[in-house]
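In the working numbering, the protein residues as written are 1 to 489. Note that the Cβ used here is the ideal one computed from N, Cα and C, for glycine as well. In this text, all values refer to a predicted model and were calculated from it rather than measured experimentally. Right, one structure below, let's go through it.
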């Protein structure tokens, strides 16, 4: 079923249910109120009639019974337009008023309440028959009548006074109220149906806008954006949709970037592998057919070793990156002397720095400890320092070592070519190269070095950041927390 019709049925159903509950409750409460008011009115008539007997002059020969009957007769005359009738029973449940009537009085209602009346209780009833037993909804007020005993000075119940009246006025009032409620129900249903239609249509339009936007997303258009006003859950859903679209757009852009870099890497890797393999194959053929002079054979073998090492380095970098990315590598963090380790690294890289006419400077006077996996620490430092050497000519590479609060901080700065803001943002991406024109150098062939460095620092629960300015150099800052980690990937 369409959402519009579901909303219409729901709204209309709620309106009908509320009107029925309220209408029924109101009708019953009104009926009871009218009955109570009618009982109170009849009770007032009975009390007034009983008190009136005291104001009637007692003529010679008149009994108390005659006076009571005269009082009841007078009141019946006054209330004749309301069809009010009095019936008086003595203690033996014999009718004492009215005596002269052609109709037989039905005393079934009195019998049901006689015991309570004789105990001094007032009783009320509305039944579907009148005092003569005819089918006519009538209200009854039954009151015990007492008289003071002269000898004992006690009130003695001498009978019961019943005053009755057709309940037509009550039923008519209830019927009128019911009719008005029904009219209100019809009007409310029509108005509610119209309002619910417009409200449901408004909600359906909002849903249709989301459906349309969803189709745009499935077709590849991630620039779609829904307007929100922060009013209700639909706006919250629209805001989440916008965030999803933005995230998908970023993911698509990232996938495209990674795909471009993958293609570039495949092309670079193929080129890098083809060149040394071609060199090695040519030298092997030369050695096989004695085409290389005896004096050049040692150089040929050395060249093949260099090219083989280059291939191994390229393969190892890819394997390392995949192991780190998939948490297949374990590190054991222990405390060791970082100052001494950095001195050894700079000594190993001194020859490469001198070939670029660079100076390596260690800024650390005292022995400073670091918490790290020794081999991975060396790998991180060598990678960054080699990058600095690669992109610095006739300059300086400074390695500054200091102790921070519960951490060891190492800053590696160079005076090389530097990077633009866009390059700084991308250097951690896999396969990215700041200077593609230098991809055939012996350092950073794959564009994986800094990606591996970032992952290794992350495994140490450390931090790495970079600052660079084009033409003025680059600074890497790495911090290692003072925490030992054993066998943690």
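(request) Give the secondary structure of residue 437 by DSSP, where H, G and I count as helix, E and B as strand, and everything else as coil. (result) The count along the chain shown starts at 1 and reaches residue 437 at position 437. Bear in mind that the predicted position of residue 437 carries a pLDDT of just 47, short of 50, making it unreliable; the figure below should be weighed with that in mind. In the structure shown, residue 437 sits in a helix (DSSP, three-state: H, G or I).
(message) Closest to residue 492 by C-alpha separation, out of 270, 356, 461, 292, would be which residue?
(response) Outside the shown range of the chain (1 to 489) lies residue 492, about which nothing can therefore be said.
(message) Buried or exposed for residue 295, going by 16 or more other Cβ atoms inside 10 Å?
(response) Position 295 of the chain shown, counted from the first residue, corresponds to residue 295. Exposed is the call here.
(message) On the DSSP bridge list, what partners appear for residue 155?
(response) As a first step, residue 155 must be located in the chain shown, where it is residue number 155. Note: residue 155 sits in a beta bridge opposite 148.
(message) Quick check: the Cα distance between residue 111 and residue 178, rounded to an integer number of angstroms?
(response) Here residue 111 refers to the residue found at position 111 when the chain shown is read from its first residue. Here residue 178 refers to the residue found at position 178 when the chain shown is read from its first residue. Their backbone Cα atoms lie some 34 Å apart in a straight line.
(message) Less than 8 Å between the C-beta atoms of residue 103 and residue 132, yes or no?
(response) Locating residue 103 in the chain shown gives position 103, counting from the first residue. Locating residue 132 in the chain shown gives position 132, counting from the first residue. For residue 103 and residue 132, yes; Cβs fall inside 8 Å.
(request) Please state if the CB of residue 126 and the CB of residue 118 are separated by a distance shorter than 8 Å. (result) Walking along the chain shown from the start, residue 118 turns up at place 118. Walking along the chain shown from the start, residue 126 turns up at place 126. In this structure, residue 126 does not lie closer than 8 Å to residue 118 by Cβ.
(message) Quick check on residue 234: does DSSP put it in helix, strand or coil?
(response) Here residue 234 refers to the residue found at position 234 when the chain shown is read from its first residue. Three-state DSSP puts residue 234 in a helix.
(request) Compute the Euclidean distance between the alpha carbons of residue 176 and residue 158, then round it to the nearest angstrom. (result) As a first step, residue 176 must be located in the chain shown, where it is residue number 176. As a first step, residue 158 must be located in the chain shown, where it is residue number 158. Spanning the two alpha carbons is a distance of roughly 42 Å.
(message) According to DSSP, is residue 189 part of a helix, a strand, or is it coil?
(response) Position 189 of the chain shown, counted from the first residue, corresponds to residue 189. Helix at residue 189.
(message) Which residue marks the beginning of the beta strand (DSSP E) containing residue 363, and which one marks its end?
(response) As a position in the chain shown, residue 363 is number 363, starting the count at 1. Start and end: 359-363.
(message) Rounded to whole angstroms, what is the Cα-Cα separation between residue 174 and residue 201?
(response) One-based indexing of the chain shown puts residue 174 at position 174. One-based indexing of the chain shown puts residue 201 at position 201. Approximately 39 Å, taken between the alpha carbons.
(request) Over the uninterrupted alpha helix (DSSP H) stretch that includes residue 352, give me the two end residues. (result) Position 352 of the chain shown, counted from the start, is the residue given in the question as residue 352. Note, residue 352: alpha helix (DSSP H), 350-355.
(request) Determine, using beta carbons only, whether residue 192 and residue 12 come nearer to each other than 8 Å. (result) The residue you call residue 192 lines up with position 192 of the chain shown. The residue you call residue 12 lines up with position 12 of the chain shown. Their beta carbons are under 8 Å apart, which means residue 192 touches residue 12 by this criterion.
(message) At the level of alpha carbons, what is the spacing between residue 477 and residue 242?
(response) For this step, residue 477 is matched to residue 477 along the chain shown. For this step, residue 242 is matched to residue 242 along the chain shown. Near 36 Å, if we compare the C-alpha coordinates of residue 242 and residue 477.
(request) May I ask you to report which of helix, strand or coil DSSP gives residue 137? (result) As a first step, residue 137 is located in the chain shown; it is residue number 137 there, counting from the start. DSSP places residue 137 in coil when its eight states are reduced to three.
(message) Considering only the alpha carbon of each residue, which of 350, 38, 332, 6 lies closest to residue 170?
(response) Translated into the one-based positions of the chain shown, residue 170 becomes position 170. The option with the nearest alpha carbon to residue 170 is 38.
(message) Judging by CA-CA distance, which residue of 188, 373, 356 is the nearest neighbour of residue 336?
(response) Position 336 of the chain shown, counted from the start, is the residue given in the question as residue 336. The shortest Cα separation from residue 336 among 188, 373, 356 belongs to 373.
(request) Compute the Euclidean distance between the alpha carbons of residue 359 and residue 288, then round it to the nearest angstrom. (result) Start at 1 with the first residue of the chain shown, and residue 359 comes out as number 359. Start at 1 with the first residue of the chain shown, and residue 288 comes out as number 288. For residue 359 and residue 288, the distance between alpha carbons rounds to 44 Å.
(request) Taking all protein chains shown into account, decide if residue 484 is buried (16 or more other Cβ within 10 angstroms of its Cβ) or exposed. (result) One-based indexing of the chain shown puts residue 484 at position 484. Per the 10 Å Cβ criterion, exposed.
(message) Let's test the definition: count the other Cβ atoms within 10 Å of the Cβ of residue 293 and tell me whether it reaches 16, buried, or not, exposed.
(response) Within the chain shown, numbered from 1, the residue matching residue 293 stands at position 293. It counts as exposed.
(message) Which of the three DSSP states is assigned to residue 166 in this structure?
(response) If you number the chain shown from 1, residue 166 lands on position 166. It is a strand residue.
(request) Under 8 Å by Cβ, that's how I've got residue 25 and residue 49 pegged, so tell me the actual separation to the nearest angstrom. (result) Here residue 25 refers to the residue found at position 25 when the chain shown is read from its first residue. Here residue 49 refers to the residue found at position 49 when the chain shown is read from its first residue. Contact flag wrong, Cβ pair sits at about 36 Å.
(request) Reducing DSSP to helix, strand and coil, say where residue 285 ends up. (result) The residue given as residue 285 occupies position 285 in the chain shown. In the structure shown, residue 285 sits in a helix (DSSP, three-state: H, G or I).
(message) Going by C-alpha to C-alpha distance, which of 286, 277, 98 sits closest to residue 309?
(response) Taking the first residue of the chain shown as 1, we reach residue 309 at position 309. Residue 277 is the option with its Cα nearest to residue 309.
(message) I'd like the list of long-range same chain contacts for residue 367, defined as Cβ closer than 8 Å, with 5 residues on each side in sequence excluded.
(response) Looking up residue 367 in the chain shown gives position 367. Around residue 367: 337, 339, 340.
(request) Using a threshold of 8 Å, state whether the C-beta atoms of residue 382 and residue 345 are closer than that. (result) Numbered from 1 along the chain shown, position 382 holds the residue referred to as residue 382. Numbered from 1 along the chain shown, position 345 holds the residue referred to as residue 345. Yes, they are a contact pair.
(request) Answer with buried or exposed for residue 354, where buried requires no fewer than 16 other C-beta atoms within 10 angstroms of its C-beta. (result) Position 354 of the chain shown, counted from the start, is the residue given in the question as residue 354. Looking at its Cβ environment, which holds fewer than 16 other Cβ atoms inside 10 Å, residue 354 is exposed.
(request) At 4 residues or longer, and completely inside the stretch 46-114: list those alpha helix (DSSP H) runs for me, N to C. (result) 64-78
(message) Can you look up residue 405 in the DSSP assignment and give me helix, strand or coil?
(response) Sequence index remark: in the chain shown, residue 405 carries index 405 (1-based). Reduced to three states, the DSSP call for residue 405 is coil.
(message) Check this for me: beta carbons of residue 412 and residue 384, under 8 Å apart or not?
(response) Here the question's residue 412 lines up with position 412 in the chain shown. Here the question's residue 384 lines up with position 384 in the chain shown. Cβ atoms of residue 412 and residue 384: closer than 8 Å.
(message) With DSSP as the reference, identify every bridge partner of residue 143, one or two as the case may be.
(response) Within the chain shown, residue 143 is the residue found at index 143, counting from 1. 161.
(request) Taking only the alpha-carbon atoms, compute the straight-line gap between residue 260 and residue 247 and give it to the nearest angstrom. (result) Against the chain shown, residue 260 aligns to sequence position 260. Against the chain shown, residue 247 aligns to sequence position 247. Roughly 20 Å between the two C-alpha positions.
(message) At the level of alpha carbons, what is the spacing between residue 33 and residue 210?
(response) In the chain shown, counting from the first residue as 1, residue 33 sits at position 33. In the chain shown, counting from the first residue as 1, residue 210 sits at position 210. Their Cα atoms are separated by approximately 54 Å.
(request) Report yes if the C-beta distance between residue 165 and residue 142 is below 8 Å; otherwise report no. (result) Counting from one through the chain shown, the residue named residue 165 turns up at place 165. Counting from one through the chain shown, the residue named residue 142 turns up at place 142. In this structure, residue 142 does not lie closer than 8 Å to residue 165 by Cβ.
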